[in-house]
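Engineer:
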Amino acid sequence: EAQVTQNPRYLITVTGKKLTVTCSQNMNHEYMSWYRQDPGLGLRQIYYSMNVEVTDKGDVPEGYKVSRKEKRNFPLILESPSPNQTSLYFCASSPSLEEQYFGPGTRLTVT
Amino acid sequence: RKEVEQDPGPFNVPEGATVAFNCTYSNSASQSFFWYRQDCRKEPKLLMSVYSSGNEDGRFTAQLNRASQYISLLIRDSKLSDSATYLCVVNMGDLYGGSQGNLIFGKGTKLSVKP
Chain V
1 EAQVTQNPRY LITVTGKKLT VTCSQNMNHE YMSWYRQDPG LGLRQIYYSM
51 NVEVTDKGDV PEGYKVSRKE KRNFPLILES PSPNQTSLYF CASSPSLEEQ
101 YFGPGTRLTV T
Chain D
1001 RKEVEQDPGP FNVPEGATVA FNCTYSNSAS QSFFWYRQDC RKEPKLLMSV
1051 YSSGNEDGRF TAQLNRASQY ISLLIRDSKL SDSATYLCVV NMGDLYGGSQ
1101 GNLIFGKGTK LSVKP
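Chains as they are written, first to last, in our numbering: chain V, 1 to 111; chain D, 1001 to 1115.
Here's what the structure looks like:
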C-alpha cells in the first residue's frame, strides 16, 4: 500500500531533550516536506527536500533540522525542544509538487 | 510578505446548498494552486488542482483569476460528508529566492453541512 508513515504518532517530552520524528514513504517520491499545524495559524512549512541531499528552509525552520540521506526517509530533528514547538506535525511526499501525500501526523507536546 | 488569505469561517449550510470559498494570494508570480480538504484531526488530502482555464470535478468547481490574484472553490448540492476544513495552497515558486518547493497554506475555511 502506497503510504507515508510517521513515528511516533504521539510524543510527550521535556524541554531540551533531543528528539527525532521519522518520516518514510514507499512511493519513490523525490519531494518531501515537513509542516506544523497550530490552531489559528494553519499549516506552516518547516523544511522541504526536492531530492536526496537537497533540503531547503520553509517558513518556520528555526529550532528544527532535517536530513535526506536516502529518498524514502526524511527525519525531523529537534535538537533542544521548547514548549513553543508543541504542535501537530505532518510529513508529506509528492512526485511532482502537484498532489502531496500526507502522513497521519505526529502530535508533540513539550513540557 | 508571502500570504495566502482565505474566507473566514465557519460556513454553516443546509444539505443541498451551494457554497463558495475564495482565497487570495499576495503575489502574481505564484506558480500553482490547489485546494485540499482536511477532516478533523486527520491529514490534508488533495481535493483539486486549480488551472487557469478552471476545472470541474463532479459537484466541485475550481477557478483561478490571475489578474485579481484569487482562486475559488464552488461546491454544489452540498452533502453532509462535505463537512470539513478546506485549505487553499499556493506554490510560491522561486518568487522569494527559494525553490519551487515552498508551499504556502491558507489557514483554512471550515464548512459544516447540516441536515
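Glycine included, each C-beta is placed from N, C-alpha and C at the ideal position.
How about residue 52 of chain V and residue 71 of chain V: are their beta carbons less than 8 Å apart?
Structural biologist: yes
Engineer: Using a Cβ cut-off of 8 Å (strictly closer), state whether residue 102 of chain V contacts chain D.
Structural biologist: Chain D contact via Cβ: present.
Engineer: Mind checking if residue 1117 of chain D is an interface residue toward chain V, Cβ cutoff 8 Å exclusive?
Structural biologist: One cannot answer for residue 1117 of chain D here, as it falls past the ends of chain D, which runs 1001 to 1115.
Engineer: I'd like to know whether the C-beta of residue 1043 of chain D is nearer than 8 Å to at least one C-beta of chain V.
Structural biologist: Cβ-Cβ to chain V under 8 Å: yes for residue 1043 of chain D.
Engineer: Could you tell me the boundaries of the beta strand (DSSP E) in which residue 1012 of chain D lies?
Structural biologist: 1011 to 1014
Engineer: Does residue 1081 of chain D come out as helix, strand or coil in the three-state DSSP assignment?
Structural biologist: helix
Engineer: List, in chain order, every chain V residue whose beta-carbon is nearer than 9 Å to that of residue 1105 of chain D.
Structural biologist: 35, 37, 42, 43, 44, 45
Engineer: Give the DSSP-derived three-state secondary structure of residue 1097 of chain D in the structure shown.
Structural biologist: Unreliable placement is indicated for residue 1097 of chain D, whose pLDDT of 47 sits below 50; the coordinate value is still reported in the next sentence. In this structure, residue 1097 of chain D counts as coil in the three-state DSSP scheme.
Engineer: Taking contact to mean 3 or more Cβ pairs, one atom from each stretch, closer than 8 Å, check whether the stretch 1035 to 1049 of chain D and the stretch 1009 to 1019 of chain D are in contact.
Structural biologist: Verdict: no, contact absent.
Engineer: If we cut at 8 Å on Cβ distances, does residue 1030 of chain D have a partner in chain V?
Structural biologist: no
Engineer: Can you check whether the CB of residue 3 of chain V is closer than 8 Å to the CB of residue 28 of chain V?
Structural biologist: no
Engineer: May I ask you to list, following chain order, the residues of the stretch 1080 to 1092 of chain D that have a beta carbon less than 8 Å from some beta carbon of chain V?
Structural biologist: For the stretch 1080 to 1092 of chain D, the beta-carbon criterion of a distance under 8 Å to any beta-carbon of chain V is satisfied by 1087, 1091.
Engineer: Which residues bound the beta strand (DSSP E) around residue 1112 of chain D?
Structural biologist: Residues 1109 to 1114.
Engineer: Measuring only the C-alpha atoms, how far is residue 1005 of chain D from residue 1107 of chain D?
Structural biologist: 7 Å
Engineer: So, with DSSP's three-state summary, where would you put residue 84 of chain V?
Structural biologist: helix
Engineer: Looking at residue 107 of chain V: is its Cβ nearer than 8 Å to the Cβ of residue 35 of chain V?
Structural biologist: no
Engineer: Which residues, taken in chain order from the stretch 1039 to 1071 of chain D, show a beta carbon closer than 9 Å to some beta carbon of chain V?
Structural biologist: 1041, 1042, 1043, 1044, 1045, 1046, 1049
Engineer: Which one of V:38, V:56, V:47, V:93 has the shortest CA to CA distance from residue 85 of chain V?
Structural biologist: V:38
Engineer: Mind checking the stretch 84 to 101 of chain V against chain D and listing, in chain order, the residues whose C-beta falls within less than 7 Å of any C-beta there?
Structural biologist: Only those residues of the stretch 84 to 101 of chain V whose C-beta falls short of 7 Å from the nearest C-beta of chain D are listed: 90, 97, 98, 99, 100.
Engineer: Report the neighbours of residue 1108 of chain D on chain V: residues whose CB is nearer than 9 Å to its CB, in chain order.
Structural biologist: 42, 43
Engineer: Please list, in chain order, the chain D residues whose beta carbon lies closer than 8 Å to that of residue 31 of chain V.
Structural biologist: 1101
Engineer: Give me the chain D residues within the contact set of residue 105 of chain V, using Cβ-Cβ distance strictly less than 9 Å, ordered along the chain.
Structural biologist: 1041, 1042, 1043
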